[in-house]
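A.B. asks: Numbering (the working numbering), first residue to last: 734 to 1335.
Got a structure for you, questions after.
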């Protein structure tokens, strides 16, 4: 498929999509030295092991070993074919693909392509009905009464499904869609008499989009007495309530910019906040926050502000979400909502500025929230309940790493319950000593020099092996070094994979290509070889290296090659001595072999 797109167009697309910017749309990257680091999106981790180098336009995970360039990343992340990755990046950078590039490859099944197409048609139809027709006036009035502007209605493509039994079915059948598929994904509902009706009829429509902005489901809210009040599309390959966050596609750039996200329960909360220019906002899909959603947020931000309803159910959901978010490494804060209010009510009644200052910016730390949350289970006027409450709070305080933060809450307890601070601190220290599992330290130090020996117990490579890796690393960043190595060493590397890489690199430069690791990797067809090149390219090497050092590497490689040749010849002589029944000579040869091996080792 790639041969339908000229190579120079592919290179223009790759160069127009800086790898740090592209990966930054999926992972929160922080610069450390010359590289950027973040949590790997391909495997679960709490300590960043995922490295991106802007200079070389490549990425590499030191945990799961995945690596590649910007094309590879998009293919891995989105399960795209090469053509789809090229098209995605071309669209992102505004480059038009040639008309000859007719990409027939599609990572989605034909059924899923049809589902997305059906939702696309319906999104446009329902939105048009809401904004411009009499059939949608009830839905339009509903949003207007909720304070939603036309601009916001357009941005979220809000719609209305007429209360007509076969309206949607007739429309989609004329577009060539089959009833069975529409029933399967919950656009239509099959009745007992085998007829179908519109699942969302008489409801305002909230399109639910995936992270790429494609509508994959609908949320529908009744504006009459019909039940249930809220209704979502059926789950499918494209729509899992536990994976998708409402508005994530629009919010993610604002989330990255602020390095915090506000998590709501309802779609209207998100829409009202977004309209009020608070745009780093997402919501769960009418269910409790899942571990997958928590991990998704952690990849993007350090801080999550939970802003759920201030009723009993909302407070319970807040506690569960906070515990889950903390478990994946998020810093959690809890917004202060007035009793009985939800964020949408607050914004409509008090305005955007009040919501920002009185709710979001005044958020409590998790510990403050927890101390208040816990009080509902105890009668603090009773001595026994009071002691039990304080014990539980102290156990939670023992989990806090910051001594200053711990002391802050200890002072609160000391003042509120007239207890000695020293006594409370001693109890916290006792809890900390008991609850310091080695496992946590292993996880914390996993990718640092402080990690336990069992994780770092990587087999030390022989000197010649390291010399070959370092030499190739310099060859990848300097054409002149490659020419020197080609002349003096050719393909006489000792490791087979290194021979193949060197040979490919000689050919790559001879074809007139520039020094560009990302481009070189794209030319390789073997995935294992690609990963090895990325791993070698990520080695720490000097920008400039002397001829003396390069000669040293070549000498070590040649020496190993010569030593191995010598050992091979001696082994043949040893076998001959044994066949001739000359044990003394065989033993002398064996000693020579051992001596050469010792020299090689050191």
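Using N, Cα and C, we set each Cβ at its ideal position, and we do this for glycine too.
Between residue 963 and residue 1107, what straight-line distance do the alpha-carbon atoms span, to the nearest angstrom?
C.D. replies: Using only the alpha carbons, I get a separation of about 31 Å.
A.B. asks: What are the complete alpha helix (DSSP H) segments, minimum 4 residues, inside the segment 807 to 873?
C.D. replies: Runs found: 815 to 826 and 843 to 865.
A.B. asks: Does DSSP put residue 1076 in a helix, in a strand, or in coil?
C.D. replies: Looking at residue 1076 - three-state DSSP - the assignment turns out to be helix.
A.B. asks: Which of the three DSSP states, helix, strand or coil, is assigned to residue 1184?
C.D. replies: Low per-residue confidence applies at residue 1184: pLDDT is 39, beneath 50, and the placement is therefore not dependable, though the value from the model is reported in the following sentence. Residue 1184 falls in the coil class under three-state DSSP.
A.B. asks: For residue 1134, count neighbouring C-beta atoms within 10 Å of its own C-beta (all shown protein chains included) and say buried if the count is 16 or more, exposed if not.
C.D. replies: Exposed, by the Cβ-count rule.
A.B. asks: Residue 878: buried (16+ other C-beta within 10 angstroms of its C-beta) or exposed?
C.D. replies: Answer is exposed; the Cβ neighbour count stays below 16.
A.B. asks: With burial defined as no fewer than 16 other Cβ atoms inside 10 Å of the residue's Cβ, what is the status of residue 1046: buried or exposed?
C.D. replies: By the 10 Å Cβ count, residue 1046 comes out exposed.
A.B. asks: Pull the bridge partners of residue 1064 from the DSSP assignment, please.
C.D. replies: Its beta-bridge partners are 1036.
A.B. asks: Is it buried or exposed, residue 820, if we count other Cβ atoms within 10 angstroms and call 16 or more buried?
C.D. replies: So residue 820 counts as buried.
A.B. asks: Work out the CA separation of residue 1258 and residue 1217 for me, nearest whole Å.
C.D. replies: Cα to Cα, the separation comes out at about 26 Å.
A.B. asks: For a quick check, are the C-beta atoms of residue 782 and residue 794 less than 9 Å apart?
C.D. replies: The answer is yes: Cβ separation under 9 Å.
A.B. asks: Taking 9 Å as the cut-off, decide whether the C-beta atoms of residue 771 and residue 761 are in contact.
C.D. replies: For residue 771 and residue 761, yes; Cβs fall inside 9 Å.
A.B. asks: Skipping 5 residues on each side, what residues in its chain have a beta carbon closer than 8 Å to that of residue 1071?
C.D. replies: If we look at residue 1071 and ignore the five residues flanking it on each side, its Cβ neighbours are 1043 and 1079.
A.B. asks: With a cut-off of 8 Å, do at least 3 Cβ pairs link the segment 940 to 950 to the segment 844 to 857?
C.D. replies: The segment 940 to 950, when compared against the segment 844 to 857, does touch it at the 8 Å Cβ threshold.
A.B. asks: Which residues bound the alpha helix (DSSP H) around residue 1155?
C.D. replies: Here the alpha helix (DSSP H) through residue 1155 covers 1154 to 1167.
A.B. asks: Since residue 1088 is in the beta strand (DSSP E), which residue starts that stretch and which ends it?
C.D. replies: Taken as a continuous stretch (DSSP letters only), residue 1088 belongs to no beta strand (DSSP E), as it is neither H nor E.
A.B. asks: Which residues share a DSSP beta bridge with residue 1097?
C.D. replies: 1067.
A.B. asks: Is it right to say residue 1255 is buried, meaning 16 or more other beta carbons lie within 10 angstroms of its own, or is it exposed?
C.D. replies: Answer is buried; the Cβ neighbour count reaches 16.
A.B. asks: Take residue 1123 as the anchor and find which of 1285, 1138, 944 and 1145 has the nearest alpha-carbon.
C.D. replies: The shortest Cα separation from residue 1123 among 1285, 1138, 944 and 1145 belongs to 1145.
A.B. asks: Are the Cβ atoms of residue 828 and residue 746 separated by less than 9 Å?
C.D. replies: Taking 9 Å as the Cβ cut-off, residue 828 and residue 746 qualify as a contacting pair.
A.B. asks: Measuring CA to CA, which of 1246, 1168, 1090 and 1038 is closest to residue 1128?
C.D. replies: The residue with the shortest Cα to Cα distance from residue 1128 is 1168.
A.B. asks: Which residue or residues does DSSP assign as beta-bridge partners of residue 784?
C.D. replies: Answer by DSSP bridge pairing, in chain order: 770 and 793.
A.B. asks: Could you spell out the range, first to last residue, of the beta strand (DSSP E) harbouring residue 930?
C.D. replies: Per DSSP, residue 930 belongs to the beta strand (DSSP E) from 929 to 931.
A.B. asks: In chain order, what residues of the same chain lie with their CB nearer than 7 Å to the CB of residue 1183, ignoring the 5 residues before and after it?
C.D. replies: With a pLDDT of 42 at residue 1183, under the threshold of 50, the modelled position of that residue is not reliable, and the figure given next carries that caveat. There are no such residues.
A.B. asks: Measuring alpha carbon to alpha carbon, tell me which residue in 997, 974, 973 and 975 is nearest residue 984.
C.D. replies: For the residues 997, 974, 973 and 975, the minimum Cα distance to residue 984 belongs to 997.
A.B. asks: How long is the line joining the alpha carbons of residue 1021 and residue 1050, rounded to whole angstroms?
C.D. replies: Each residue's alpha carbon lies about 7 Å from the other.
A.B. asks: Can you say whether residue 1095 is buried or exposed, counting buried as having 16 or more other CB atoms within 10 angstroms of its CB?
C.D. replies: Classification for residue 1095: exposed.
A.B. asks: I'd like the list of long-range same chain contacts for residue 750, defined as Cβ closer than 7 Å, with 5 residues on each side in sequence excluded.
C.D. replies: Cβ within range, chain order: 803, 822, 825 and 826.
A.B. asks: Tell me whether residue 898 sits in a helix, a strand or coil according to DSSP, three-state version.
C.D. replies: Of the three classes helix, strand and coil, the one that applies to residue 898 here is coil, per DSSP.
A.B. asks: Cutting at 8 Å between CB atoms, please list the residues of its own chain near residue 1093, excluding the five before and the five after it.
C.D. replies: Excluding sequence neighbours, residue 1093 sits near 995, 1011, 1038, 1040 and 1068.
A.B. asks: Going straight from the alpha carbon of residue 1087 to that of residue 1075, what length do you get?
C.D. replies: Each residue's Cα considered, the two are about 14 Å apart.
A.B. asks: Does DSSP put residue 1174 in a helix, in a strand, or in coil?
C.D. replies: Low per-residue confidence applies at residue 1174: pLDDT is 48, beneath 50, and the placement is therefore not dependable enough to give any value.
A.B. asks: Can you name the residues that DSSP bridges to residue 764?
C.D. replies: 769, per the DSSP bridge assignment.
A.B. asks: Which value, in whole angstroms, describes the spacing of the CA atoms of residue 1055 and residue 1125?
C.D. replies: Rounded to the nearest angstrom, the two C-alpha atoms are 17 Å apart.
A.B. asks: With distances taken between CB atoms, is the gap from residue 919 to residue 892 smaller than 9 Å?
C.D. replies: The answer is no: Cβ separation not under 9 Å.
A.B. asks: So, under 8 Å CB-CB, residue 1262 and residue 1230 are touching, yes? Tell me the CB distance rounded to an integer number of Å.
C.D. replies: With a Cβ gap of about 7 Å, residue 1262 and residue 1230 count as contacting.
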